[in-house]
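Some notes on the structure that comes next.
There are 2 protein chains.
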Amino acid sequence: MPTDVAPATPKYYLLKTEVLGLIAGLQPGTLIPTERALAGRYATSRTTVRQAISELVAEGKLGRIQGHGTFVAPPKVTHVRQLTSFSDDARNQGLRPDSRLVSLDVVGADDGVAVRLGLEQGQPVTRLERIRLIEGEPLAHEVAWLPGRLPRFKSHLAKAGSLYAVLADVYGLRVAEVEDTVETALAGPEDVRLLGIEMGAPLLVVHRLARDANGAPVEWTRSAFRGDRFRFVSRVKSGG
Amino acid sequence: MPTDVAPATPKYYLLKTEVLGLIAGLQPGTLIPTERALAGRYATSRTTVRQAISELVAEGKLGRIQGHGTFVAPPKVTHVRQLTSFSDDARNQGLRPDSRLVSLDVVGADDGVAVRLGLEQGQPVTRLERIRLIEGEPLAHEVAWLPGRLPRFKSHLAKAGSLYAVLADVYGLRVAEVEDTVETALAGPEDVRLLGIEMGAPLLVVHRLARDANGAPVEWTRSAFRGDRFRFVSRVKSGG
DNA sequence: AGTTCACATTGGCATAGACCAATTATGTTG
DNA sequence: CAACATAATTGGTCTATGCCAATGTGAACT
Chain B
1 MPTDVAPATP
11 KYYLLKTEVL
21 GLIAGLQPGT
31 LIPTERALAG
41 RYATSRTTVR
51 QAISELVAEG
61 KLGRIQGHGT
71 FVAPPKVTHV
81 RQLTSFSDDA
91 RNQGLRPDSR
101 LVSLDVVGAD
111 DGVAVRLGLE
121 QGQPVTRLER
131 IRLIEGEPLA
141 HEVAWLPGRL
151 PRFKSHLAKA
161 GSLYAVLADV
171 YGLRVAEVED
181 TVETALAGPE
191 DVRLLGIEMG
201 APLLVVHRLA
211 RDANGAPVEW
221 TRSAFRGDRF
231 RFVSRVKSGG
Chain P
241 MPTDVAPATP
251 KYYLLKTEVL
261 GLIAGLQPGT
271 LIPTERALAG
281 RYATSRTTVR
291 QAISELVAEG
301 KLGRIQGHGT
311 FVAPPKVTHV
321 RQLTSFSDDA
331 RNQGLRPDSR
341 LVSLDVVGAD
351 DGVAVRLGLE
361 QGQPVTRLER
371 IRLIEGEPLA
381 HEVAWLPGRL
391 PRFKSHLAKA
401 GSLYAVLADV
411 YGLRVAEVED
421 TVETALAGPE
431 DVRLLGIEMG
441 APLLVVHRLA
451 RDANGAPVEW
461 TRSAFRGDRF
471 RFVSRVKSGG
């Protein structure tokens, strides 16, 4: 009797492969059969069909809308993130970036923010919360904390659009060095609301600490990118 | 009647919060109640309990072993990734890296590999497949393609351990520039087998193209890191 | 023609239960 | 006491089913 056989592949995974075959070559937006239809065709339960489709949605290969149907998703957006800003990065790729201001306040730094920005807890920081869009589609939820108060910040930002441009041109703050931390997370209710994604969808959460030429913190940001639509690129050259 | 009420939070998400409360402050490795016990305690079905726990596992907060139980997971490992190799990166943080050779062959370049390395399809490339471990724990599955044949490569690699060290010291290939692409993916059967993770677990998939000082490709690598145990850091300074 | 409203369709959430697979505990046997 | 067979425990997969929520359709009514 065989003892070292590979563990049986789950049925939902086989079904996943089937569906991948179904959608190969189809145009983004094309509707695929309904869950109930697939369950019938492949002689399985809707639960199993949903598990297969849920993973394909998480991988960015399918999308779905309640009451409407499940469809082939558009390809991922690649995003270069170096010393530049979101808007500059996007424009460099010929994409139309946009930004929706959610809130802008001066608040007291909490523990985590104070540590990153080298402040005492409670000192004033500017908190900027935005939704980032590419080609009109919400792609990331971003909260940035900047040390101190920035006079007339809101109007400057509205005019320039790019945070880094405003910091450099208006306030003389130039980013010379950044440290990005990338990890995975799963979408909770707030992410669902702000980004229009599914509960439990995978996110790429990026924390960025930007410093000026003297090493002084300029910006501490948490960005939650849709993992199904986004790809992060970083280029590094050796000093020379 | 209210029309703009927030959509009801799913029960499994509430349960997730409950379980997070349960494990707050517990030591890694501590067993939590069984799925059947939780279903009873919170008056819900095992299906719902499993959905909640599955997300906590995906987030790296819990782990589970069939036949044993579900337990509090150890914290994520932060991994700095610069121009250096996996082993150097890890050692710089005081972590004990290790590497398990899966296979090493000279093969004909397929389409994707040929494009990245600037070769014709079918030209010989060295294919190196390894499992990367930190503190004895499998953390990543890595496949590297290097242009051409590398004489006595296997023994050199076994001696030095670090790929980049061998390339530099033995073959005079020095990496001067890398481009990393990071995206999310879900674990399939092979990832499950090689990394000992769950089906559908989130992965951080990194593609790296490394070039020498002349811009010639030196290495094309696909690495699949466990998203539940791993955090990726990249530092960038402006050319000074 | 335009509006409204009921209904069908489709995905979202949850239940209850069954069986399998891996592990651990238990008890029996040599 | 050790080794082995057996049973109980626990997570892994799957089925069948019900109801809810969002969307789309079409008939009925102005």
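As you go down the protein sequences, you meet chains B and P in turn. Sequential numbering from 1 applies to the first sequence in the numbering used here. Sequential numbering from 241 applies to the second sequence in the numbering used here. Glycine included, each C-beta is placed from N, C-alpha and C at the ideal position. Nothing here was measured: the structure is a model prediction, and the numbers come from that model.
- Message: If I measure Cβ to Cβ from Val107/B and keep anything under 7 Å in the same chain, skipping five residues before and after, which residues do I get?
- Response: Residue mapping note: residue 107/B aligns to position 107 of the first sequence, counting from 1. The residues are Val125 and Arg127.
- Anything in the stretch 297-311 of chain P with a Cβ closer than 8 Å to a Cβ of chain B? List those residues in chain order, please. Cβ proximity to chain B below 8 Å picks out Ala298 and Glu299 from the stretch 297-311 of chain P.
- Does the beta-carbon distance from Ala384/P to Leu403/P come in below 9 Å? Position 144 of the second sequence, counted from the start, is the residue given in the question as residue 384/P. Position 163 of the second sequence, counted from the start, is the residue given in the question as residue 403/P. Yes; because the gap between Cβ atoms is below 9 Å, this pair is in contact.
- Can you have a look at Pro442/P and say buried or exposed, based on whether 16 or more other CB atoms are within 10 angstroms of its CB? Residue numbering aside, residue 442/P sits at position 202 when the second sequence is read from its first letter. Per the 10 Å Cβ criterion, buried.
- Message: Using the Cβ count rule (16 or more neighbours within 10 Å means buried), how would you classify Glu59/B?
- Response: Position 59 of the first sequence, counted from the start, is the residue given in the question as residue 59/B. So Glu59/B ends up on the buried side.
- How far does the beta strand (DSSP E) with Ala210/B in it reach, from first residue to last? Locating residue 210/B in the first sequence gives position 210, where the first residue counts as 1. That run of the beta strand (DSSP E) goes Pro202 to Arg211.
- Item | Every unbroken alpha helix (DSSP H) inside the stretch 381-430 of chain P [4 residues or more] | 393-400 and 403-409
- Name the chain P residues that come within less than 8 Å of Gly21/B, Cβ to Cβ? Locating residue 21/B in the first sequence gives position 21, where the first residue counts as 1. The premise fails here: Gly21/B is roughly 15 Å from chain P at the closest Cβ pair, so nothing lies under 8 Å.
- Considering only residues of the stretch 85-114 of chain B, which uninterrupted beta strand (DSSP E) runs meet the minimum length of 3 residues and lie entirely inside it, listed in chain order? Counting only runs that start and end inside the stretch 85-114 of chain B, the beta strand (DSSP E) elements of at least 3 residues fall at 97-108.
- Is Arg448/P closer than 9 Å to Val418/P when the C-beta atoms are compared? The residue labelled residue 418/P in the question sits at position 178 within the second sequence. The residue labelled residue 448/P in the question sits at position 208 within the second sequence. Yes. Within cutoff.
- Task: Please list, in chain order, all residues of the same chain as Arg286/P whose beta carbon is under 7 Å from its beta carbon, the five residues on each side excluded.
- Result: Within the second sequence, residue 286/P is the residue found at index 46, counting from 1. Only Glu275, Arg276 and Ala279 meet the Cβ criterion.
- Query: Are the Cβ atoms of Tyr411/P and Leu390/P separated by less than 9 Å?
  - Reply: Taking the second sequence and counting its residues from 1, the one referred to as residue 411/P is at position 171. Taking the second sequence and counting its residues from 1, the one referred to as residue 390/P is at position 150. Between Tyr411/P and Leu390/P, the C-beta gap is smaller than 9 Å, which places the two residues in contact.
- Query: Using a Cβ cut-off of 8 Å, which residues of the stretch 173-186 of chain B contact any Cβ in chain P, in chain order?
  - Reply: Val175, Ala176, Glu177, Val178, Glu179, Asp180, Thr181, Val182, Glu183, Thr184, Ala185 and Leu186
- Applying a beta-carbon distance threshold of less than 7 Å, which residues of chain B neighbour Ser327/P? To locate residue 327/P, count along the second sequence from 1; it is residue 87. Per Cβ cutoff of 7 Å: no residues; Ser327/P is ~18 Å from chain B at best.
- Item | Given Val113/B as reference, the closest of Leu139/B, Asp89/B, Pro147/B and Thr9/B once Cα atoms are compared | Reading the first sequence from its first residue, position 113 is the one you call residue 113/B. Answer by Cα proximity: Pro147/B.
- Message: In whole angstroms, give me the CA-to-CA distance for Ala405/P and Thr249/P.
- Response: To locate residue 405/P, count along the second sequence from 1; it is residue 165. To locate residue 249/P, count along the second sequence from 1; it is residue 9. Taking the straight line joining both Cα atoms gives about 52 Å.
- Leaving aside the five residues before and after Ala450/P along the sequence, list all residues of the same chain whose C-beta is less than 6 Å from its C-beta, in chain order. In the second sequence, the residue the question calls residue 450/P occupies position 210. Correct list, in chain order: Val415, Val418, Val458 and Glu459.
- Message: List, in chain order, every chain B residue whose beta-carbon is nearer than 7 Å to that of Lys251/P.
- Response: Looking up residue 251/P in the second sequence gives position 11. Simply none; closest approach about 12 Å.
- Message: Tell me the rounded alpha-carbon separation between Gly122/B and Glu142/B.
- Response: Counted from its first residue, the first sequence places residue 122/B at position 122. Counted from its first residue, the first sequence places residue 142/B at position 142. Those two C-alpha atoms are separated by around 22 Å.
- Can you find a C-beta in chain B that's less than 9 Å from the C-beta of Leu477/P? Within the second sequence, residue 477/P is the residue found at index 237, counting from 1. Looking at the sequence shown, residue 477/P is not Leu but Lys. Yes - at least one Cβ of chain B is within 9 Å of the one on Lys477/P.
- Query: Residue range of the alpha helix (DSSP H) that Arg292/P falls in?
  - Reply: Within the second sequence, the letter at position 52 stands for residue 292/P. Note that residue 292/P is Ala in the sequence shown here, rather than Arg. Note, Ala292/P: alpha helix (DSSP H), Arg286 to Ala298.
- Give the straight-line distance between the Cα atoms of Gly455/P and Pro273/P, rounded to the nearest whole angstrom. The count along the second sequence starts at 1 and reaches residue 455/P at position 215. The count along the second sequence starts at 1 and reaches residue 273/P at position 33. When rounded, the distance between both Cα atoms is 56 Å.
- Item | Start and end residues, alpha helix (DSSP H) containing Gly122/B | Counted from its first residue, the first sequence places residue 122/B at position 122. Run containing Gly122/B: none; DSSP gives neither H nor E here.
- Item | Among Glu258/P, Leu373/P, Thr284/P and Leu296/P, the one whose alpha carbon lies nearest that of Leu186/B | Start at 1 with the first residue of the first sequence, and residue 186/B comes out as number 186. The candidate whose alpha carbon is nearest that of Leu186/B is Leu296/P.
- Using three-state DSSP, classify Ala464/P as helix, strand or coil. Within the second sequence, numbered from 1, the residue matching residue 464/P stands at position 224. In the displayed model, Ala464/P falls within a strand according to three-state DSSP.
- In the DSSP assignment, find the beta strand (DSSP E) that holds Leu266/P and state where it starts and stops. Residue numbering aside, residue 266/P sits at position 26 when the second sequence is read from its first letter. Segment: none, Leu266/P is in no beta strand (DSSP E) and carries neither H nor E.
- Which of helix, strand or coil does DSSP assign to Thr249/P? Translated into the one-based positions of the second sequence, residue 249/P becomes position 9. Looking at Thr249/P - three-state DSSP - the assignment turns out to be coil, as it is neither helix nor strand.
- Item | Backbone secondary structure at Arg130/B - three-state DSSP | Residue 130/B sits at position 130 when you count from the first residue of the first sequence. Of the three classes helix, strand and coil, the one that applies to Arg130/B here is strand, per DSSP.
- Message: Quick check: the stretch 306-320 of chain P against the stretch 264-273 of chain P, are at least 3 beta-carbon pairs closer than 8 Å?
- Response: yes
- Message: Assuming Gly63/B is part of the beta strand (DSSP E), what are its boundary residues?
- Response: Translated into the one-based positions of the first sequence, residue 63/B becomes position 63. Looking at the DSSP string, the run of the beta strand (DSSP E) that includes Gly63/B is Leu62 to Ile65.
- Query: Got a sec? Which residues, its chain only, sit under 6 Å from Asp98/B by beta carbon, not counting five neighbours each side?
  - Reply: Start at 1 with the first residue of the first sequence, and residue 98/B comes out as number 98. These residues qualify, in order along the chain: Leu133.
- Query: For Asp228/B and chain P, any beta-carbon pair shorter than 9 Å?
  - Reply: Sequence index remark: in the first sequence, residue 228/B carries index 228 (1-based). Output row for Asp228/B: interface = yes.
- Query: Along chain B, which residues have their Cβ under 8 Å away from the Cβ of Val473/P?
  - Reply: If you number the second sequence from 1, residue 473/P lands on position 233. Result: Glu179, Asp180, Thr181 and Val182.
- Item | Best match in Arg340/P, His319/P and Leu341/P for proximity to Arg331/P [C-alpha to C-alpha] | Position 91 of the second sequence, counted from the start, is the residue given in the question as residue 331/P. Of the listed residues, the one whose Cα sits closest to Arg331/P is His319/P.
- Indicate whether at least one CB of chain B lies closer than 9 Å to the CB of Gly436/P. The count along the second sequence starts at 1 and reaches residue 436/P at position 196. Judged by the 9 Å Cβ criterion, Gly436/P is not in contact with chain B.
- Message: Since Val205/B and Leu139/B should fall inside the 8 Å C-beta cutoff, what is the C-beta to C-beta distance between them, to a whole number of angstroms?
- Response: Translated into the one-based positions of the first sequence, residue 205/B becomes position 205. Translated into the one-based positions of the first sequence, residue 139/B becomes position 139. Between Leu139/B and Val205/B the Cβ distance is about 13 Å, and since that is not below 8 Å, they are no contact.
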